């Protein structure tokens, strides 16, 4: 019993260093369950690792096109594998095209990772930016990059925490983990979260990123209605549809999600917190009063 606090301290230190928090081994994933498996072409996106700025279509989940791509060996077990619901399969079941390309070197040469998005005519926000420019929100990305580059990894090897409230497809979460931060990413919209999960895994960053499916609000444990546009700018999705264009011809869908509060969810120091919740900012911050003194930087989009 006297050793228990030491063991807990050691576990916390391992988590800060981005080490696996579980002792279970991660086996290579090798299946041919993808509809295009065994066609002589690798369709799970890993061919992008050889470079190239042009997008490719992703037709298979990682590890499901083994005959053409080889086994997939993640550093830690994929979250979707534990919970069910492979991300690419989920997106294709919704009729969503999945494109993947390398980031353009417009922020920094060291900012080089793969990023998945959908057809730019379907999503006029993140997907259009990524397809045309190879990056998302370039001016803001420079600010994020400066914070992450100087603060993600300390001299002792410990990793700072980035909290992403409203992660969308995961642009800033992947950037943070790519530069060495640990990440807690909240994204309640299932198909946005599928892009986020795939983006984490295609860049082999699962050991650093904790994806959570809740909406962040002022009260924990509530069921909340989110309104998600089917066209236009997907990123305007939010609680109650406060920023959604209801006149868009593609229409909207409504989903129910469970809420959490930041004071219960984040119990340690935070290098940077990003909040992008389309009009729900007040509710997020109202239940974060205990946490906020531990946050060094906050970047948020305010929607009055």
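Numbering (full-length UniProt numbering), first residue to last: 1 to 304. The C-beta atom is built at its ideal place from N, Cα and C for all residues, glycine as well. All figures in this text were calculated on a predicted structure; none of them were measured in a lab.
| query | By a C-beta neighbour count over all protein chains shown, 10 Å radius and 16 as the cutoff for buried, is residue 84 buried or exposed? | reply | For the purposes of this step, residue 84 is identified with residue 84 of the chain shown, where counting begins at 1. Exposed.
| said: Tell me the DSSP secondary structure of residue 93 in three-state form. | reply: On the chain shown, residue 93 is found 93 positions in, with the first residue counted as 1. DSSP places residue 93 in helix when its eight states are reduced to three.
Exercise for the section: Assuming residue 57 and residue 94 form a contact by the criterion Cβ under 8 Å, report the distance between their Cβ atoms to the nearest whole angstrom. Expected result: Mapped onto the chain shown, residue 57 falls at position 57. Mapped onto the chain shown, residue 94 falls at position 94. Not confirmed; about 15 Å, so no contact.
* With DSSP run on the structure shown, which of helix, strand or coil describes residue 297? -> Position 297 of the chain shown, counted from the start, is the residue given in the question as residue 297. Three-state result, residue 297: strand.
Buried or exposed, going by whether 16 or more other CB atoms sit within 10 Å of the CB of residue 117? Residue 117 sits at position 117 when you count from the first residue of the chain shown. Flag for residue 117 reads buried.
What is the DSSP secondary structure of residue 266, reduced to helix, strand or coil? On the chain shown, residue 266 is found 266 positions in, with the first residue counted as 1. Looking at residue 266 - three-state DSSP - the assignment turns out to be coil, as it is neither helix nor strand.
Which first and last residues belong to the beta strand (DSSP E) in which residue 229 is found? Numbered from 1 along the chain shown, position 229 holds the residue referred to as residue 229. Per DSSP, residue 229 belongs to the beta strand (DSSP E) from 223-229.
Using only the alpha-carbon positions, how far apart do residue 46 and residue 289 sit?
Looking up residue 46 in the chain shown gives position 46. Looking up residue 289 in the chain shown gives position 289. Each residue's alpha carbon lies about 42 Å from the other.
- Message: With three or more beta-carbon pairs closer than 8 Å as the criterion, would you say the region 271-290 touches the region 246-253?
- Response: no
Q) For residue 102, which residues does DSSP report across the bridge? A) The count along the chain shown starts at 1 and reaches residue 102 at position 102. 114.
Exercise for review: Report the residue ranges of all alpha helix (DSSP H) runs contained in full by the region 114-171; include only those spanning at least 4 residues, in chain order.
Suggested key: 126-133 and 138-151
Query raised in the report: If you compare alpha carbons, which of 163, 176, 255 and 155 is closest to residue 192?
Result: One-based indexing of the chain shown puts residue 192 at position 192. It is 255 whose Cα lies nearest to the Cα of residue 192.
Check your understanding: Looking only at C-alpha atoms, which of 106, 148, 149 and 110 sits nearest to residue 306?
Key -> In this structure the chain extends from 1 to 304, so residue 306 is not present and cannot be described.
Cutoff 6 Å; reference residue 224; Cβ partners in own chain excluding five residues on either side: By one-based count along the chain shown, residue 224 stands at place 224. Excluding positions up to five away in sequence, the list reads 215, 239, 257 and 259.
Does the Cβ-Cβ distance between residue 228 and residue 244 come in under 9 Å?
Locating residue 228 in the chain shown gives position 228, counting from the first residue. Locating residue 244 in the chain shown gives position 244, counting from the first residue. Yes, they are a contact pair.
Cβ of residue 61 less than 9 Å from any chain D Cβ?
Here there is only one protein chain, and chain D is not present.
Compare the C-alpha of residue 154 against each of 181, 120 and 141 and name the closest.
As a working note, residue 154 is residue 154 in the chain shown. Measuring from the Cα of residue 154, the nearest candidate turns out to be 181.
- Closer than 8 Å by C-beta to residue 90: which residues in its own chain qualify, once you throw out the five before and the five after it? Chain order, please. Taking the chain shown and counting its residues from 1, one reaches residue 90 at position 90. If we look at residue 90 and ignore the five residues flanking it on each side, its Cβ neighbours are 190, 191 and 194.
Notebook entry, point to check: What residue range is occupied by the uninterrupted beta strand (DSSP E) comprising residue 252?
Noted result: What you label residue 252 is simply residue 252 of the chain shown in a count that begins at 1. Unbroken beta strand (DSSP E) run through residue 252: 252-260.
Check: If you draw a straight line from the C-alpha of residue 23 to the C-alpha of residue 77, how long is it?
Finding: Translated into the one-based positions of the chain shown, residue 23 becomes position 23. Translated into the one-based positions of the chain shown, residue 77 becomes position 77. Because the pLDDT at residue 23 is just 36, under 50, the model does not fix this residue reliably, and the point stays unresolved.
Assuming residue 202 contacts residue 266 under a Cβ cut-off of 8 Å, what Cβ separation, rounded to an integer in Å, is found between them? Locating residue 202 in the chain shown gives position 202, where the first residue counts as 1. Locating residue 266 in the chain shown gives position 266, where the first residue counts as 1. Contact doesn't hold; Cβ gap of about 26 Å is too wide.
Q) If you run the structure through DSSP and keep just helix, strand and coil, what is residue 107? A) For the purposes of this step, residue 107 is taken as residue 107 along the chain shown, with counting starting at 1. Coil, per DSSP.
C-beta contact flag for residue 204 and residue 82 at 9 Å: Counting from 1 along the chain shown, the entry for residue 204 is found at position 204. Counting from 1 along the chain shown, the entry for residue 82 is found at position 82. Not a contact, by the Cβ cut-off of 9 Å.
**Item:** Local conformation of residue 274 per DSSP, three classes
**Value:** Your numbering for residue 274 matches position 274 in the chain shown. DSSP places residue 274 in strand when its eight states are reduced to three.
Can you tell me the Cβ-Cβ gap for residue 270 and residue 294, rounded? I've got them flagged as a contact below 8 Å.
Residue 270 sits at position 270 when you count from the first residue of the chain shown. Residue 294 sits at position 294 when you count from the first residue of the chain shown. Contact holds; Cβ gap of about 6 Å.
N- and C-terminal bounds of the beta strand (DSSP E) containing residue 209: Against the chain shown, residue 209 aligns to sequence position 209. Residue 209 -> beta strand (DSSP E) spans 209-212.
Can you check which of these residues, 163, 221, 69 and 207, is closest to residue 29 by C-alpha distance?
Position 29 of the chain shown, counted from the start, is the residue given in the question as residue 29. Taking only the C-alpha atoms, the option nearest residue 29 is 69.
- In three-state DSSP terms, what is residue 280? By one-based count along the chain shown, residue 280 stands at place 280. In the structure shown, residue 280 sits in coil (DSSP, three-state: anything other than H, G, I, E or B).
- [ ] Rank 36, 146, 134 and 137 by C-alpha distance to the C-alpha of residue 322 and give the top, closest one.
- [x] The first residue shown for the chain is 1 and the last is 304, placing residue 322 beyond what the model contains.
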